[in-house]
Structures are given as structure tokens and as C-alpha cells.
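Here the structure is laid out as C-alpha cells; the discussion comes afterwards.
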Amino acid sequence: MSPSEAGAKEAPKYTKKDFESDQDVRWCPGCGDYAILSALQKTMPDLGIPKENIVFISGIGCSSRFPYYMNTYGFHTIHGRAPAIATGLRVARPELKIFVVTGDGDGLSIGGNHMLHVLRRNVNLTILLFNNRIYGLTKGQYSPTSELGKVTKSTPVGSADRPVNPLSFALGCGATFVARTVDRNIPHMDEMLKRAAAHKGTGFIEILQNCNVYNDLAWNVIYDRESKVQHELRLEHGKPLLFGPPDDRRALIMRGVTPKVVRAKDVPESTLWIHDETNVNAAKLLADLFAPDFPIPVGVLTAVEAPVYEDLILQQEQKAISERGPGDIAKLLTSGDTWKIS
Amino acid sequence: MGQIATPATGAEKSRKALDRAVIRFAGDSGDGMQLTGEQFTTESAWAGNDLATLPNFPAEIRAPAGTLFGVSSFQLQFGSQRVYTPGDRLDCLVAMNPAALKVHLRDLKTGGLLIVNTPAFDKRNLDKAGYATNPLDDPTLAERYRLHKVDMTGLTHEAIKDLPLNTKEKDRTKNFFALGLVSWIYTRPLEPTLDWIKKRFAKNKDIAEANTRVLKAGHAFGETAEIFGEHYAVEPAEMAPGLYRAMTGNRALAWGLIAAAQRSKLPLVYGAYPITPASDILHELALHKRFRVRTIQAEDEIAAVTAAIGASFGGAIGVTASSGPGIALKSEGIGLAVTAELPLVVLNIQRAGPSTGMPTKTEQADLMQALYGRNSEAPVVVLAPATPGDCFYIAYEAVRLAAKYMVPVLVLSDGFLANGSEPWLIPDVTTLPPIEIQFRTEREGFFPYLRDSATLARPWVRPGTPGLEHRIGGIEKQDVTGNISYDPDNHDHMVRTRAEKVRRVAQEIPPTSINGPATGDLLVVGWGGTYGSITAAVEQAQTAGKSVASIHLRHLNPLPPDLGHILREYRKVLVPEINSGQLVRVLRAEYLVDAVGFNRVRGLPLPSEEIYEAINQLLGSTP
Ligand SMILES: Cc1ncc(C[n+]2csc(CCOP(=O)(O)OP(=O)(O)O)c2C)c(N)n1
Ligand code: SF4
Ligand SMILES: [Mg+2]
């Protein structure tokens, strides 16, 4: 048993209602955040974790208002720093289940550095990055995930910076669990949340989220019924990478080191690309793909095992204590060179 | 003693008693001057002297050899009476090369002892130090000072010529020749250094042997060489009885935190990003995992402070430390702890700024930053240790207050306190004030911002406590319920409440101790690392019959409740600081007294001589 699993106890049977707080939800009507909140409240009872052991930590942004609406422990902190706060909390209290809620600006702009380090350290927590490709709370400036040339209040003739892809970023940081889901697909969100929450280490989920006020339908390519059928690639471990309408199935295959889209019926089954969550290199190739030239991968890109930061810290502590006994301050003060004056 | 030294020449050299002496070892960064000084310090502590030290080294890790900016030095004052400072002017300077001579000679008293390593005064080194001619050949040098030209390099090699070490390794032991020689001059015991060599080089017998022989050779050289006519004894100082150790400020801070964590029975989570001169606290704490000290070397100072806040939220003792530039980065985080009303300890080991400034040099210019350096109304408790050993008590007190009042506590140490050391009377830890942590577990009547009537602290609840699930954050909240609130009157009330909570810490401050008469012509008010210089200057003035007293503030926010009264008992108030006048502004604003500053911002401790002059000047202008 790792130190972080110590103290786990049986959870009572909860319902969604148990996770709803008494605070008025203050997002704009129609915001994608409502669906995510509802999905999460619905998923929570299934995690089997006592409510008092769950903590939601967020930064600043519309998305980061989240903790106020969850009837668990919560901390709405400062812009971008939620991963660092959560790291400190985890090191202090490894028995807690921590969720970090962040936005594309919070997590990848001002907090990009902390995101990098929490992922590489593999701190045991779940990160939900609500990607609406815009700064919602500050009323609609472009964000680091906005497309090049994005016209917003701060970029009246189009933005000049190229976007970052959250999945590629996470994988580049050494993330051990990376998934993507969509605010309009509640069952899939539910599944991804459970997978990420069960992951040992940092579970990173990008949630494509609609900001209907400042960036409506930014993800229409996967919302629109027709387009979704054309482009959505559901990743399932051990299954071939097939997508598209039933009468026109397409396959994602590897040609040399380059992913290619072909008609499924044109290639022998043996050459299909079988999704393997344990293959981080394959995940890195998938992460970069997007419509229109490629399908949009949705699901778990990678899930691998790696040492967990706070486990190592606590193991060092326990080793020191078991080898030399707990510290004694009086002994510490008199250790080394001392002299007596009488 | 030495197998190598020629036996003593028979005639016993005369030994003169001194009250105190100020010595500086100076050389190239690679000459081992810090070690030499530390060993000399240990020897002096053994001899029962009171002492104070001032290490001074370049910021460059491996500064080019022989250059002026590559000079490293270690100064100490030891005495048979109370020693408050490392001293202003030198009684003895050891210069291992021309650069060291050039940088430090101006601090040597006329008639002072000057010991130089002659072989280092070659053309190359003279050029690098910017000497057109060899200063040792200038007869005025020997006229002004008691100059001793010693071939330390040569004598070192001679002492260990048969050992299987290469020239470089042999060369590197010459600092122990200097140490042996100066130890003889001031009648210091060699035992602690011999012990140290044995332990340090247990795995390398040849190096151990070389250092031992060279140390003894230096000592024997003093004893036998004709040039040293006399040597000195400094009797043990009268110090409170008990067990002592040498203590530096940074170690004292680390140990004070550990003591507080132990007393409160909580883990300590320390978030830090390396920065001079605060890094040694991280290094020290990382050694003590048995005390449930968990160190996080964070990705930056913002992560360091927020990780500490996360730990506090979790019910551990959250601490972070840095120096000026890093503290600037932490300000938003500190503001979060202010409004979330969580305990947090922030250590600022001040250094010369602004920006990068002079990282290895000391300063006291972050007081205003500590008091006001955050957006909006974000009051915190501010404490400052007076001496290296005091850092232990201040760190302990910082944790105690942070937990009791649910507030951030800022500690202002500085580079001088951090690296300086003093003999420290080891306290009986059971006599330290208790730190009683009571996490709320009672559901009945719980609200996140319900307040204790005496301290105004809100309850500290550990996540994991059933039934007390609640949310806190940076948005303004309604008092008691903690719910988000934009109500104007509630905000006004919360601003006042957060300030009042800090103000109530004043009830923890003991009566201010006054060094000198309770009323008089002049009161000198200091804070932080200038304690020694101020006390020495004030005692000098008192000895000269002046009506002068001093007080030293360890609590800078809130200020001691008796301060306003004390200030009015003197006709004049002088505030010496290593900044351009920060505390003096606070005192003027707070108490409407006509306090006057004495300010030098040179990256060095204030010389007590100059404070003494300032005292006289201010007294002289008394109508
Ligand atoms: C230090 C700091 N800088 C800037 C802001 C202003 N600010 C608040 S939220 C935000 C951007 C939020 O964007 P995102 O993370 O994408 O969240 P969203 O509102 O879109 O959910 C900014 C710039 C702030 N609160 N703090
Ligand atoms: S601004 Fe956009 S993201 Fe924010 S609440 Fe409104 S719709 Fe949602
Ligand atoms: Mg956004």
C-alpha cells in the first residue's frame, strides 16, 4: 500500500444531490460549464470516496468558480496556481482526493508553468481543463488555445500567436494519463472522469467546453450532428482507430511515421492502427490530430504508470523514521559541536 | 606539538591580555577563507569568548582567481565581554593575495597586524589586483602597520613535502597554515580544528595528515619565528551558564520551524525556490525528514508560496522562504492567505536590491514591502530577529502566531543574520510557549468564518472532517458564513476585521525592554540585524556619560503597545537602518514623533562607530 492510499475508508451511498452546494450557480445561461457540473455531481457518488475526503481546487476564470457549487471541500484560489496549491495539499494530506479545475487561460497561460510541473511530478490528482478557446471571465479576449487569426476585442484584426494543443502539451510534460471529452456528451464525460479519478498519478482531462457568450460553437465541428459523425474518433484500448459514418468508415493508419486517413475497406485488417493506451509515443501522434484533415480523437490517449511525487516524499520520510526513529528536537539542538559554560 | 617545527627558542614570548579583537581572513574564493574563519570561530567559542561573525563572499561561484571581485573574506570579533558585532575596524588582517590586500587594507587600524602570503604577490596577481608595483616593497606599509611577510605557500609545501599529494592539493592546505599562525597569535586551542580535520577527512588519510601538519606548522611558526615578538590572550567572557553551540541565522530559522512543528504535532510543508541567501534553510530542512518536514523545491516562488498555502489548508504548517525578488513574486499568494485567513509563514532573507541587486550582500530595505507590498488592504504580522540565535525564537513565534490568529506572518531576516553566527545558549525546549492547535470538528453551529472572540481567528478545519465540508477562496466573503459577497458594508467590515485580527497580535507582545534610562535625551530605535551595531554604539555613548537608551523592535506589525509611550520619554529619537528610512517613516506616521533616520545602504552591516557619531551629532544639536 502506498502512503497515499492509507486511511481509505468505505463511503456511504450518495446521490447527485449530496454533491450540490447551497450556492446559486452564476454562469451565463447556456454555458457548457453547467453540463460539466451536472456530470461531475452525477459521477461523484460512483467514485466511492467519502465526501469529506474530496477537495476541489481551482484558479480563476468562469470555470474556476466550480468549487463553490460542489458540496465537498473546496478552495477557489488565484489565477493559474491551482496545481501548485493542490501539490502542497497533497504533500500535506496524501489521503485526500483532489480535483483541480482550470481553464485554457488559467491552466495554459498564466499557470502554464505549474501545469508543466504538476504533470511531470505526477502528483496524484485529477485535472479538469475546461477548454473554451477564450478568456470567458474577462469578457472575451483570445486565449492560448484560440486559433491563429482569432478576432476578439484584444485582437481586432486577428491574433498573431499560434495555439497550444493541451493534449500535446500534457504529453510533452510527461503526463501519465491524458484524455479528451466534450461537454455535450455526458455519458462520455462520466466515463472519462471515472477513469481519470481512478488513475494513480496526475489524470489530465481536456474538456471541450462551449462559451456561448464569447466563443459560441467554437467546437461546432464536434457538436454538429453531421460533422461529429464525420470527425469524431472514439479511442478505445485494443480497438482499431476507425471513424466516420457506417457507410463510409475510414481508418487512421501509420504510413512510415506519419498518420494517414484511408478508406477502411481499402486496407487489410492487419494494417489497422490498434489503440494502445500504454503507448505514449502513439498518443503523442494522436494528440496533434484535428479536423478537417484528420479525425478528432476523443477518449483516453494514454494511461501509464509512473512514480507518484508525494508517495516518494512520504517514503523518504517513513524510511528516515523507521531507520532512526522520529525526530527529537532537544537532541537536534545539542547535536554536533557544543561547549559548556559554568 | 609539531613534528615539523623547530623547537621553541627558549625565550618565552610575552603574552598580552586583550578585551577583544577583530580579525579578518581574506583571500581568493578558492583559498578557503570561509572555512578558516569558521574554524577560528569554533576555536574562539571553545576558548569561552563571546563573538560575532561576518562572512562576506562573492556572488560568483568560481570567480576568476586573483581578481578583486573574486575576494572572499571572513571577519569575526571575539572578546572577554559581550560582543555585539563582528567589529568595524580590524586589529588583524590576513591577506592571502594582492587582491585581498587591496580590497581590505582600508579597514585595518593603523598599527594593526597585517599578515601576507608573500609568494602570492607575483607579477600576475599584482596585475590582476591593479598594483603597478609590489605594495609589500613600499616602506610606508610597514610603517603604518605591523607587517609580517610570511612565505605561507613555501612553508606549507615544506611541511608536507613527503606526502603523496599533488601540488594543487598541497597548495590548498595553506589556509590552515594561516589558521595555525593566527591561532597561535591569539592563543586559541587547536583541538576543535584537529577534531574537525579527523572527521572531515576520515576517508582520506593523506589529506587529513596534510591539514594537520600544516595547521601545526603555522602554529609552530608563530611560536618560533623571530618576527612575532608577542602574542595575545583574550580571557573567557562572562556568559550565562549552560550548554552552547555556534548558531547561524538560517540554521536557527530552520530549527525554530522544526521545534514549532514538533510542539504543534503537525507536519511542516516547506515550499521554496533556491535563492541566495535563503537556500540554506531549504538545505537544512531537507535533512530533517524524521521530524515530518516535507520540503518541496517548487518550480518558482509563486508555486512555493501557494504550495505552502495548500498545505496550510490541509492542516499542516505551511512555510515558504525567499529573498526580495522572490518575495515580490509571492505577494499575490500572501494576499490569498490573508483573505482565506489561513496560517502561513513567509521568511524573507533580505539582500541588497532592487532587482538582482547584490545577492550576497545584506540590506534591510524590504520593511515597506513586508508591511504594504500587496494589492489592497492586506495586513500581515511582521517579525524580525535581532541576532542569528534569535532567529530560532522568531521562527517558532511566527508559527505560533500564524496558527493562533489564522494569519500570514512575515519574518524579515537578512544576509548578515543568515550567515553570521554567534555562541547560542541551547534552550530547554519544554520552556518554549505551547502551540496549541485545535482543528474544528464540531458540526453544531459551524461556519467557516465564525470568529474566536479573543483573536478573531476563524476555525481551522482539516479537509477530511465529516460534516464540515465548505468552500473558501479569494473572492470577498460574508463574515461568518463565508459565502461570496459583494455587499459594500460587508467588505468594509471585512477589511477592518482582517486588520483588527492582526492588531490583536499586540496582546502577545511582552513589554519592550529598554537598554538604558527610561527617560532621557535620546532613544535609538532599531530592528533586525542592526541590533549588535546599535547596542555597541549606545553602550559606548552610555559609558561616555550620555543620556542615551535603545530599544530593538522584534515586532514590526503590530508594533508593541507600549512603544508610543516609550518614544515620548526621550527628547530625540534616532532610527539607524540599512535602507533610506523605512521604520523611521512608520514611527513618524504612527506616533507623530520627530524621529530622525541614520541610513547607509552599502550592502554591509552598519558600523557601530558611525552610529555612535550619529548619536553624538544628534545630541550635539540638542537645543
Ligand atoms: C493575476 C491575474 N491576472 C489576471 C486576472 C484576470 N483574469 C481572470 S480570469 C482570466 C482568464 C480566464 O480564462 P480561462 O482560464 O480560459 O477561464 P474561462 O473564464 O474561459 O473559463 C483572466 C485573464 C486575474 N484574475 N488575476
Ligand atoms: S462567459 Fe462564457 S464561459 Fe463564462 S459563464 Fe458565460 S458562457 Fe460560460
Ligand atoms: Mg477559457
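Chains as they are written, first to last, in the numbering used here: chain A, 5 to 346; chain B, 2 to 624. Idealized CB from N, CA, C, for every residue including glycine. Bear in mind that the values here come from a model prediction, so they are computed numbers and not experimental data.
Three-state secondary structure (DSSP) at residue i?
| i | result |
| --- | --- |
| threonine 134 of chain B | coil |
| leucine 269 of chain B | strand |
| threonine 623 of chain B | Low confidence applies to threonine 623 of chain B: its pLDDT is 47, below 50, so where it sits in the model is not reliable, and the reading given next is rough at best. Threonine 623 of chain B falls in the coil class under three-state DSSP. |
| arginine 401 of chain B | helix |
| leucine 77 of chain B | strand |
| tryptophan 528 of chain B | strand |
| histidine 83 of chain A | coil |
| aspartate 280 of chain A | coil |
| glutamate 314 of chain A | helix |
| phenylalanine 447 of chain B | coil |
| glutamate 170 of chain B | helix |
| glycine 219 of chain B | helix |
| glycine 11 of chain B | Caution is warranted here: a pLDDT of 41 is assigned to glycine 11 of chain B, below 50, making its placement in the model unreliable, and the coordinate value is therefore given only provisionally. It is coil, neither helix nor strand. |
| aspartate 595 of chain B | coil |
| methionine 495 of chain B | helix |
| isoleucine 276 of chain B | coil |
| lysine 199 of chain B | helix |
| methionine 2 of chain B | For methionine 2 of chain B, the predicted model reports a pLDDT of 31, less than 50, meaning its position is unreliable and no value from the coordinates is stated. |
| aspartate 187 of chain A | coil |
Shortest alpha-carbon distance to residue i belongs to which of the options?
| i | options | result |
| --- | --- | --- |
| arginine 630 of chain B | B:Ile310, B:Ala458 and B:Arg375 | Shown here, chain B extends from 2 to 624; a query on residue 630 of chain B therefore has no answer. |
| valine 306 of chain B | B:Arg173, B:Arg291 and B:Val339 | B:Val339 |
| isoleucine 102 of chain A | A:Ala200, A:Asp22, A:Ala268 and A:Glu230 | A:Ala200 |
| arginine 267 of chain A | A:Lys288, A:Gly242, A:Ser172 and A:Gln234 | A:Gln234 |
| asparagine 57 of chain A | A:Lys264, A:Leu93 and A:His80 | A:Leu93 |
| alanine 322 of chain B | B:Gly67, B:Leu345, B:Phe314 and B:Gly315 | B:Leu345 |
| leucine 237 of chain A | A:Asp341, A:Ala295, A:Ile82 and A:Val182 | A:Ala295 |
| valine 410 of chain B | B:Arg504, B:Asp429 and B:Gly468 | B:Arg504 |
| leucine 244 of chain B | A:Val302, A:Ala174, A:Thr342 and A:Arg97 | A:Thr342 |
| asparagine 98 of chain B | B:Gln82, B:Met34 and B:Asp92 | B:Met34 |
| valine 95 of chain B | B:Lys17, B:Ile208, B:Leu156 and B:Asn176 | B:Asn176 |
| tyrosine 218 of chain A | A:Leu141, A:Glu230, A:Leu293 and A:Glu14 | A:Leu141 |
Is residue i near ligand 2, going by C-beta to nearest heavy atom under 7 Å?
| i | result |
| --- | --- |
| glycine 63 of chain A | no |
| tyrosine 72 of chain A | no |
| aspartate 37 of chain A | yes |
Within 7 Å: the Cβ of residue i and any heavy atom of ligand 1?
| i | result |
| --- | --- |
| threonine 142 of chain A | yes |
| cysteine 392 of chain B | no |
| alanine 108 of chain A | It should be pointed out that residue 108 of chain A corresponds to aspartate in this sequence rather than to alanine. The answer is yes for aspartate 108 of chain A. |
| phenylalanine 75 of chain B | no |
| histidine 121 of chain A | no |
| isoleucine 138 of chain A | yes |
Closer than 7 Å to a non-hydrogen atom of ligand 5 - does that hold for the CB of residue i?
| i | result |
| --- | --- |
| serine 534 of chain B | Looking for ligand 5 in the displayed structure turns up nothing; the ligands present are ligand 1, ligand 2 and ligand 3. |
Say yes only if the C-beta of residue i is nearer than 7 Å to one or more non-hydrogen atoms of ligand 3, and no if none qualify.
| i | result |
| --- | --- |
| serine 147 of chain A | yes |
| tyrosine 227 of chain A | no |
Inset, instruction - With 7 Å as the C-beta to C-beta threshold (strictly closer), list the residues of the segment 254-273 of chain B near chain A in chain order. - result: Trp256, Ile259, Ala260, Gln263, Pro268, Val270 and Gly272
Inset, instruction - Could you tell me whether the segment 31-39 of chain A touches the segment 65-76 of chain A, where touching means 3 or more Cβ pairs closer than 8 Å? - result: yes
Inset, instruction - Decide yes or no for the touch test of the segment 373-393 of chain B against the segment 548-556 of chain B: beta carbon pairs closer than 8 Å, at least 3 of them. - result: yes
Legend entry - Contact set between the segment 80-101 of chain B and chain A, restricted to residues whose Cβ is under 7 Å from the partner: none
Inset, instruction - Examine the Cβ distances between the segment 168-177 of chain B and the segment 238-256 of chain B and report whether three or more of them are shorter than 8 Å. - result: no
Inset, instruction - For the segment 77-88 of chain B and the segment 21-31 of chain B, state whether three or more C-beta atom pairs, one from each stretch, are separated by less than 8 Å. - result: yes
Legend entry - Positions along the segment 328-345 of chain A whose CB lies within less than 9 Å of some CB in chain B: Arg328, Gly329, Pro330, Gly331, Asp332, Ile333, Ala334, Leu336, Leu337, Thr338, Ser339, Gly340, Asp341, Thr342, Trp343, Lys344 and Ile345
Inset, instruction - Could you run through the segment 68-85 of chain A and flag, in chain order, every residue whose CB is less than 7 Å away from some CB of chain B? - result: Pro71, Tyr72, Asn75, Thr76, Tyr77, Gly78, Phe79, His80, Thr81, Ile82 and Arg85
Inset, instruction - Give the residues from the segment 53-66 of chain A that approach chain B closer than 9 Å (Cβ to any Cβ), ordered along the chain. - result: Pro54, Lys55, Glu56, Asn57, Ile58, Val59, Phe60, Ile61, Ser62 and Ile64
Inset, instruction - Count the C-beta pairs between the segment 200-212 of chain A and the segment 252-264 of chain A that are closer than 8 Å, then say yes if the count reaches three, no if not. - result: no
Inset, instruction - Report the residues of the segment 458-487 of chain B with a CB closer than 9 Å to any CB of chain A, ordered along the chain. - result: Val462, Arg463, Pro464, Gly465, Thr466, Pro467, Gly468, Leu469, Glu470, His471, Arg472, Ile473, Gly474, Gly475, Ile476, Asn484 and Ile485
Legend entry - Segment contact flag, the segment 33-48 of chain B with the segment 179-189 of chain B, C-beta cutoff 8 Å, min 3 pairs: yes
Inset, instruction - Report yes or no: do three or more beta-carbon pairs, one from the segment 588-608 of chain B and one from the segment 542-550 of chain B, lie closer than 8 Å? - result: no
Legend entry - Contact list for the segment 327-345 of chain B against chain A, Cβ threshold 9 Å: Glu333, Gly334, Gly336, Leu337 and Ala341
Inset, instruction - Determine contact between the segment 214-228 of chain B and the segment 68-79 of chain B, defined as no fewer than three beta-carbon pairs at a distance below 8 Å. - result: no
Legend entry - Cβ contact check for the segment 61-68 of chain B and the segment 115-133 of chain B: 3 or more pairs under 8 Å: yes
Legend entry - At least 3 beta-carbon pairs within less than 8 Å: the segment 568-581 of chain B vs the segment 521-532 of chain B: yes
Inset, instruction - For the segment 194-225 of chain A, enumerate the residues whose C-beta is nearer than 7 Å to any C-beta of chain B, in chain order. - result: none
Inset, instruction - Report yes or no: do three or more beta-carbon pairs, one from the segment 267-278 of chain A and one from the segment 236-254 of chain A, lie closer than 8 Å? - result: yes
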